Amino acid sequence: LERLGAADSALRQRLARISGFEQRGWAPPLVRSPYFCAGCPHNSSTQLPDGSRALAGIGCHGMASFMPERRTHTPTQMGGEGATWIGQAPFVKDTHVFQNLGDGTYTHSGSLAVRAAASSGVNITYKILFNDAVAMTGGQPAEGGLSVAQIAAQMSAEGARRVVVLSEDASRHDVADFPEGVDILDRAALPTVQKQLRDTAGVTVIIYDQTCA
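Counting in my numbering, the sequence shown runs from -12 upward without gaps.
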């Protein structure tokens, strides 16, 4: 209308006001990275000893990749946990990694990745985070309902060199239900156990047993 000479004073005032909005400065939006819920077991289980790094996986524990101090990288698809390390291991200086793996993903397809890692001969410690729920989709029980003892038996059968259960309540587990050689300890032993397994050749497994917050 301005170009056609049809604009009146009211229209010009309106246009000036709108142009003023566009020229105003703006404050950037606040950014808050997602974090674990209060009481979440992943807040403890994803911690690492100095000098180590971990690989991310599918699940709430994947938020560790947003936390630089957790040194957790290389996310992968569900069921591919640890497969990236099979490809990396021959070409890097690191000799060992930790791999986070939720119990729901383990039941879905993650156990196959553990089998592949054992067959390849890489040095890797799987941290199977047994929180008894698929929290990302509403807290349903993991399909199949495997117990800690059943997962420990499967891992032993797949060739894990050592399996350690770390629990918020070690007394709720009966040693007789577990394969010979599986250690059942309080979760406070995580730092010590991680250092031990880091120095153990082959596939090792920590089953971190703590119910979802």
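All C-beta atoms in this analysis are idealised placements derived from N, C-alpha and C, irrespective of residue type, glycine included. These numbers were taken from a predicted model, which means no experiment stands behind them.
Asked                                                                                                                                                    : Found
Run through the DSSP bridge pairs and tell me what L153 is partnered with.                                                                               : L172, Y195
Roughly how far, in whole angstroms, is the beta-carbon of S31 from the beta-carbon of F85, given that I think they are within contact range, below 8 Å? : Wrong, their Cβ atoms sit about 14 Å apart, outside the cutoff.
Roughly how many angstroms separate the alpha carbons of T94 and Q127, rounded to a whole number?                                                        : 13 Å
If you follow the alpha helix (DSSP H) that F78 is part of, which residue opens it and which one closes it?                                              : First-last for F78: undefined, no H or E at that position.
Hey, could you find the ends of the beta strand (DSSP E) I111 is sitting in?                                                                             : 111 to 117
By the 10 Å Cβ neighbour count, where 16 or more other Cβ atoms means buried, how is M123 classified, buried or exposed?                                 : exposed
Mind checking which residues open and close the alpha helix (DSSP H) that includes P178?                                                                 : 177 to 185
Buried or exposed: where does Q181 fall if 16 or more other Cβ atoms within 10 Å of its Cβ makes it buried?                                              : buried
Taking the CB atoms as reference points, tell me whether A120 and C199 lie closer together than 8 Å.                                                     : yes
Curious, which full-length alpha helix (DSSP H) runs of at least 4 residues does the stretch 8 to 66 contain?                                            : 29 to 32
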